[in-house]
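S.K.: My numbering puts the first residue of the sequence shown at 1, with every later residue one more than the last. Think of the CB as a built atom: it goes at the ideal place given N, C-alpha and C, for glycine as much as any other residue. Remember, it's a predicted structure, so these values are computed and weren't measured experimentally.
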Amino acid sequence: DGMPARKRVALEKKIRGNEFYKKRMFDLAMQEYIDALQLDPTDITFLLNIAAIYFEQKDYDLCIDQCEKAIYIGRENRADFKLIAKAFTRMGNAYKKLGNLKMAKVSFEKAMAEHRTPEIKTLISEVEQRMKEEERKAYIDPVKAEEEKEKGNEKFKEGDYATAVKFYCEAILRNPDEAKYYSNRAACYTKLGAFDLALKDCEKCVELDPKFVKGWVRKGKILQNMQQHPKALKAYQTALSLDPTNSEAMEGYRSCSVFYDSNPEEVRKRAMADPEVQAILRDPAMRLILEQMQNDPKALQ
Numbered sequence: 001d002g003m004p005a006r007k008r009v010a011l012e013k014k015i016r017g018n019e020f021y022k023k024r025m026f027d028l029a030m031q032e033y034i035d036a037l038q039l040d041p042t043d044i045t046f047l048l049n050i051a052a053i054y055f056e057q058k059d060y061d062l063c064i065d066q067c068e069k070a071i072y073i074g075r076e077n078r079a080d081f082k083l084i085a086k087a088f089t090r091m092g093n094a095y096k097k098l099g100n101l102k103m104a105k106v107s108f109e110k111a112m113a114e115h116r117t118p119e120i121k122t123l124i125s126e127v128e129q130r131m132k133e134e135e136r137k138a139y140i141d142p143v144k145a146e147e148e149k150e151k152g153n154e155k156f157k158e159g160d161y162a163t164a165v166k167f168y169c170e171a172i173l174r175n176p177d178e179a180k181y182y183s184n185r186a187a188c189y190t191k192l193g194a195f196d197l198a199l200k201d202c203e204k205c206v207e208l209d210p211k212f213v214k215g216w217v218r219k220g221k222i223l224q225n226m227q228q229h230p231k232a233l234k235a236y237q238t239a240l241s242l243d244p245t246n247s248e249a250m251e252g253y254r255s256c257s258v259f260y261d262s263n264p265e266e267v268r269k270r271a272m273a274d275p276e277v278q279a280i281l282r283d284p285a286m287r288l289i290l291e292q293m294q295n296d297p298k299a300l301q
């Protein structure tokens, strides 16, 4: 086939090396690849295979070193761009294992410039995600979080709710697991009339600390403001189950109950909007009972 003898022997050695590699007999595989490389120093697949062994043996620095050699020799000898991309990808994976995400990203981007594949695209976005997450974690500082919260409290007392929100946002970035920061920010949002954002913060607050009475009371008040009385009632009930003497929870519970007593039509409307009630309504027998009730709203109470 016109292939020089040295090249042919080199390829035979590579095939033998691959067999050893598959059996994880890395020392024997390495020897075959080194022999192949001596016979044909311009074929960078041998270098890539050596790099793969170092990767498996967790010698990531040596892996990177072999990839760099492969890229240099590959460029000198006009190697297939797919092979160059493979070298950059392997290098990126080694950097990732070393925790050097910045260099991993650079390597993957260089691989992408050589040969665009969905796999490399995925590797880039994974690294970017990890970099963002590490940045976020590095930013966490409970002491600074408390300082920001205090500044927020000052602004809240002054009635400057928009600025207070900014301080509470910063406190949350500095310590995302502290329930009271969400509760404080919810108070600001309530003052600013942003009830949907306030409710979201209350939900996060009681998720982080289910025993935080103030969070449940605040949730109840917001739901009341949003005219969601059944849900408000539930929030106040939870607050009272945690602290039966809490005056705000008692007051909220009472005002919700009074609202029901004085507004049977409201009770009916809310019930009709409830998915569970809608399911009951599909039952013909229940529909009959409800129609009777509709003619006599007092029956609902």
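Under 8 Å by Cβ, that's how I've got L192 and A162 pegged, so tell me the actual separation to the nearest angstrom.
M.R.: Stepping through the sequence shown from its first residue, residue 192 is reached at position 192. Stepping through the sequence shown from its first residue, residue 162 is reached at position 162. Contact flag correct, Cβ pair sits at about 7 Å.
S.K.: Sorted by chain position, which residues of the same chain lie with C-beta nearer than 6 Å to C169's C-beta, five sequence neighbours on each side aside?
M.R.: Here residue 169 refers to the residue found at position 169 when the sequence shown is read from its first residue. Contacts found: none.
S.K.: Could one say the Cβ of H115 lies closer than 8 Å to chain B's Cβ atoms, at least one of them?
M.R.: Checking the listed chains, one finds no chain B in this structure; it contains a single protein chain.
S.K.: Enumerated in chain order, which unbroken segments of the alpha helix (DSSP H) with a length of 4 residues or greater are wholly contained in the segment 66-148?
M.R.: The qualifying runs are 81-97, 101-114 and 118-139.
S.K.: So, for Q301: in the same chain, excluding its five sequence neighbours on each side, which residues have a beta-carbon less than 6 Å away from its beta-carbon?
M.R.: Position 301 of the sequence shown, counted from the first residue, corresponds to residue 301. With a pLDDT of 49 at Q301, under the threshold of 50, the modelled position of this residue cannot be trusted, and the question is left open.
S.K.: Would you kindly work out how many angstroms separate the C-alpha atoms of L242 and N175, rounded to a whole number?
M.R.: Reading the sequence shown from its first residue, position 242 is the one you call residue 242. Reading the sequence shown from its first residue, position 175 is the one you call residue 175. Roughly 25 Å separates the two Cα atoms.
S.K.: Extract the residue ranges of the alpha helix (DSSP H) inside the segment 157-199, only unbroken runs of 4 or more that lie entirely within it.
M.R.: List check, alpha helix (DSSP H) in window: 161-174 and 179-191.
S.K.: Are the beta-carbon atoms of Y236 and G215 separated by less than 8 Å?
M.R.: The sequence position of residue 236 within the sequence shown is 236, counting from 1. The sequence position of residue 215 within the sequence shown is 215, counting from 1. No, they are not a contact pair.
S.K.: Measuring only the C-alpha atoms, how far is V206 from F212?
M.R.: For this step, residue 206 is matched to residue 206 along the sequence shown. For this step, residue 212 is matched to residue 212 along the sequence shown. C-alpha separation (whole angstroms): 6 Å.
S.K.: Among D27, K7, K23 and I289, whose alpha-carbon lies nearest the alpha-carbon of Q38?
M.R.: Numbered from 1 along the sequence shown, position 38 holds the residue referred to as residue 38. The option with the nearest alpha carbon to Q38 is K7.
S.K.: Which residue from C256, L101, V106 and K180 puts its Cα closest to that of L208?
M.R.: Residue 208 sits at position 208 when you count from the first residue of the sequence shown. Selected option, being the one with the closest Cα: K180.
S.K.: Taking 7 Å as the limit between beta carbons, can you name the residues of its chain near V115, skipping five residues before and five after?
M.R.: Position 115 of the sequence shown, counted from the first residue, corresponds to residue 115. According to the sequence shown, residue 115 is His rather than Val. Correct list, in chain order: F81, K82 and A85.
S.K.: Which class does K221 belong to by DSSP, given the choice of helix, strand or coil?
M.R.: Position 221 of the sequence shown, counted from the start, is the residue given in the question as residue 221. DSSP places K221 in helix when its eight states are reduced to three.
S.K.: Among E133, I73 and E154, which residue has its Cα nearest to the Cα of I44?
M.R.: Reading the sequence shown from its first residue, position 44 is the one you call residue 44. Comparing Cα positions, the closest option is I73.
S.K.: Excluding five sequence neighbours on each side, which residues of the same chain lie with their C-beta closer than 7 Å to the C-beta of A239?
M.R.: To locate residue 239, count along the sequence shown from 1; it is residue 239. Counting only Cβ-Cβ distances below 7 Å, and skipping sequence neighbours, we find V213, W216, V217, G220, N246 and A249.
S.K.: Does the segment 119-130 come close enough to the segment 87-107 that 3 or more CB-CB pairs lie under 8 Å?
M.R.: Short answer: they touch.
S.K.: Which residues bound the alpha helix (DSSP H) around R308?
M.R.: For the chain, the structure presents residues 1 to 301; residue 308 sits outside this window and is missing.
S.K.: On the three-state DSSP scale, how would you describe R287?
M.R.: For the purposes of this step, residue 287 is taken as the residue at position 287 of the sequence shown. Helix at R287.
S.K.: In whole angstroms, what separates the C-alpha of I53 from that of K105?
M.R.: The residue labelled residue 53 in the question sits at position 53 within the sequence shown. The residue labelled residue 105 in the question sits at position 105 within the sequence shown. Spanning the two alpha carbons is a distance of roughly 22 Å.
S.K.: For Q66, count neighbouring C-beta atoms within 10 Å of its own C-beta (all shown protein chains included) and say buried if the count is 16 or more, exposed if not.
M.R.: To locate residue 66, count along the sequence shown from 1; it is residue 66. Counting Cβ neighbours within 10 Å, Q66 comes out buried, since at least 16 surround it.
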